[in-house]
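Heads up: the structure comes next, in structure tokens.
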Amino acid sequence: MEKKVLIIGAGGFIGGFIARESLRRGYDTWCGVRASTSRRYLSDPRLHFVELDYDTPSSMARAMAEALPEGQRWDWIIYNLGATKCANFADFNRINYSYLIDFVKAMRDADKMPSRFLYMSSLSALGPGDEKGYTPLTNRDIPQPNTRYGVSKIKAETFLETQPDIPWTIFRPTGVYGPHEQDYLMMVKSIDRHFDFGVGFRRQMLTFIYVEDLAAAIFDALVTDATLRHKYIISEPRSYTQKEFRAIVARELGGRWVLPLRLPMWAVYAASVVAEKWGVIQMKPSTLNRDKFKIMKQRNWSCDISDAVRDFGFSPRFSLEEGIRETVKAYRQS
1 MEKKVLIIGA GGFIGGFIAR ESLRRGYDTW CGVRASTSRR YLSDPRLHFV ELDYDTPSSM
61 ARAMAEALPE GQRWDWIIYN LGATKCANFA DFNRINYSYL IDFVKAMRDA DKMPSRFLYM
121 SSLSALGPGD EKGYTPLTNR DIPQPNTRYG VSKIKAETFL ETQPDIPWTI FRPTGVYGPH
181 EQDYLMMVKS IDRHFDFGVG FRRQMLTFIY VEDLAAAIFD ALVTDATLRH KYIISEPRSY
241 TQKEFRAIVA RELGGRWVLP LRLPMWAVYA ASVVAEKWGV IQMKPSTLNR DKFKIMKQRN
301 WSCDISDAVR DFGFSPRFSL EEGIRETVKA YRQS
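In the numbering used here, the protein residues as written are 1 to 334.
Below you can see the structure in the form of structure tokens.
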């Protein structure tokens, strides 16, 4: 029978690609969105929608109960809802942790527990790794998140782990990039203007995952029981220096000459404080803030993805060069 898939937080950058991959595989695809959520990247007429008020569990339960006939459930629920930047740091806890608890309550009240629940966490849930020997991060590392974002994600993971009735799988993707993503697009635009701003003077190893590879990995993981109640780091299998990233972007932009500028940590921290305060005044989350500064400060984002390779044959199709090519193409067309 055709699988029924519900994507929570489908209106965001990653959510649109998850929905597209679900349709490509022939699944009956439902998108959980707020009434106010933009559906710009959810325009396929085959998509179904469930409007959810994440602040009201009873309303969510009612919406889910009414979406499907009594006795029917979604086979898989992909929980992709989350905030990566907030004007008020307390919102990380509210959106990334409390909303998950409320959704689980609504799911139970509506009797819509799926056969698998995939939660989209983050590599930031682990916190800084080995910044001397640059040993790759693994799922066996003890989480020590040093950002409010990372703390909210590890709290959500811990909550799921303590719920015996939830058939969870947890993904911890590294930096996700691709068409329509805004943070990496800022870096592409900067290089397009001939400047590349680096942070700190010590070597930094960066990892990436192209959004289509992440979406494909989700469904590859869901079709096997080997991933039940397991966590997975999702990343391209190699890491890159800032110089390598800059060279790839510049080449895909047509051979741009680029002036690399290294900023001292104290200057970036000062800028992050000012940008954060300005965001609070405007009541808009700033891309640069003290939480993001700690992420930028981290020197080692190298990953060990062997668990994912072993359990569901994870093998990213896009190298950074190929993914940047697609990202730049979308940037040129926008």
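C-beta atoms are modelled at their ideal positions from N, C-alpha and C, and glycine is treated no differently.
Look at F208 and V258 and say whether their C-beta atoms are less than 8 Å apart. No, Cβ-Cβ distance for F208 and V258 is not below 8 Å.
Can you tell which of R40, K4 and K294 has its C-alpha closest to the C-alpha of F17? Looking from the CA of F17, the closest CA among R40, K4 and K294 belongs to R40.
Residue interval of the beta strand (DSSP E) (run including E51): For E51, the enclosing beta strand (DSSP E) begins and ends at H48 to E51.
Give the DSSP-derived three-state secondary structure of V199 in the structure shown. In the structure shown, V199 sits in a strand (DSSP, three-state: E or B).
Along the chain, which unbroken stretches of the beta strand (DSSP E) at least 3 residues long are found entirely within the segment 86 to 125? Within the segment 86 to 125, the runs of beta strand (DSSP E) at least 3 residues long that lie entirely inside it are, in chain order, 116 to 120.
Coarse secondary structure for V274, derived from DSSP in three states: It is helical.
Report yes if the C-beta distance between N146 and K294 is below 8 Å; otherwise report no. Yes. Within cutoff.
Do the CB positions of A247 and R256 come within less than 8 Å of each other? No, Cβ-Cβ distance for A247 and R256 is not below 8 Å.
Between which two residues does the beta strand (DSSP E) harbouring L259 extend? Counted as a single uninterrupted DSSP element, the beta strand (DSSP E) harbouring L259 occupies residues L259 to L263.
CA-CA distance, D91 and K284? For D91 and K284, the distance between alpha carbons rounds to 12 Å.
Classify K189 as helix, strand or coil using the three-state DSSP reduction. Looking at K189 - three-state DSSP - the assignment turns out to be helix.
Simplified DSSP assignment, three categories, for W74: Coil.
Taking the alpha carbon of I305 as the reference point, which residue from S152, T135 and T162 has its own alpha carbon closest? Measuring C-alpha to C-alpha distances from I305 to each of S152, T135 and T162 identifies T135 as the nearest.
Taking the DSSP output, what are the residues bridged to N300? According to DSSP, N300 bridges with M205.
Give the secondary structure of P69 by DSSP, where H, G and I count as helix, E and B as strand, and everything else as coil. Correct three-state label for P69: coil.
Judging by CA-CA distance, which residue of F89, D192, K85 and S98 is the nearest neighbour of T327? Of the candidates F89, D192, K85 and S98, the one whose C-alpha sits nearest the C-alpha of T327 is D192.
Would E2 and G32 qualify as a contact pair, given that the criterion is a beta-carbon distance under 8 Å? For the 8 Å CB-CB criterion, E2 and G32 do not form a contact.
Limits of the beta strand (DSSP E) - the one that V328 falls within: That residue, V328, is in no beta strand (DSSP E); its alpha helix (DSSP H) goes L320 to Q333.
Please report the Cβ distance between A391 and G150, rounded to the nearest whole angstrom; I am assuming they are in contact, meaning their Cβ atoms lie under 8 Å. The chain is shown from 1 up to 334; residue 391 falls before or after that span and cannot be answered.
Residue from H230, K297 and G323 whose Cα sits closest to the Cα of F245: Nearest of H230, K297 and G323 to F245, Cα basis: G323.
Taking the C-alpha atoms as reference points, what is the distance between W74 and A106? W74 and A106: Cα-Cα distance of roughly 14 Å.
As assigned by DSSP and simplified to three states, the class of P57: DSSP places P57 in the helix class (H, G or I) of the three-state scheme.
Could you tell me which whole alpha helix (DSSP H) segments of length 4 or greater appear in the segment 142 to 192? DSSP runs (the alpha helix (DSSP H)) wholly in the segment 142 to 192: 148 to 161 and 183 to 192.
With C-beta atoms as the reference, is D311 less than 8 Å away from H230? Closer than 8 Å, so yes.
Cβ-based neighbour list, L42, same chain, cut-off 7 Å, excluding 5 preceding and 5 following: For L42, where only same-chain residues beyond five positions count, the Cβ hits under 7 Å are A10, G11, G16, A19 and C31.
CA-CA distance, S190 and S22? Cα atoms of S190 and S22: separation of roughly 34 Å, rounded to the nearest angstrom.
So does the segment 164 to 183 actually touch the segment 209 to 221, counting three or more Cβ pairs closer than 8 Å? Taking 8 Å as the limit for Cβ pairs, the verdict is that the segment 209 to 221 does touch the segment 164 to 183.
Specify the secondary structure class of D28 as computed by DSSP and reduced to three states. Per DSSP, reduced to three states, the secondary structure at D28 is strand.
Touching or not, the segment 59 to 73 and the segment 111 to 124, by the rule of three or more beta carbon pairs under 8 Å? With the cut-off at 8 Å, the segment 59 to 73 and the segment 111 to 124 touch.
Q182: buried (16+ other C-beta within 10 angstroms of its C-beta) or exposed? By the beta-carbon neighbour count (other beta carbons within 10 angstroms, threshold 16), Q182 is exposed.
Using the beta-carbon count (16 or more within 10 Å), is D44 buried or exposed? So D44 counts as exposed.
Y269 by DSSP, collapsed to three states: which one? Looking at Y269 - three-state DSSP - the assignment turns out to be helix.
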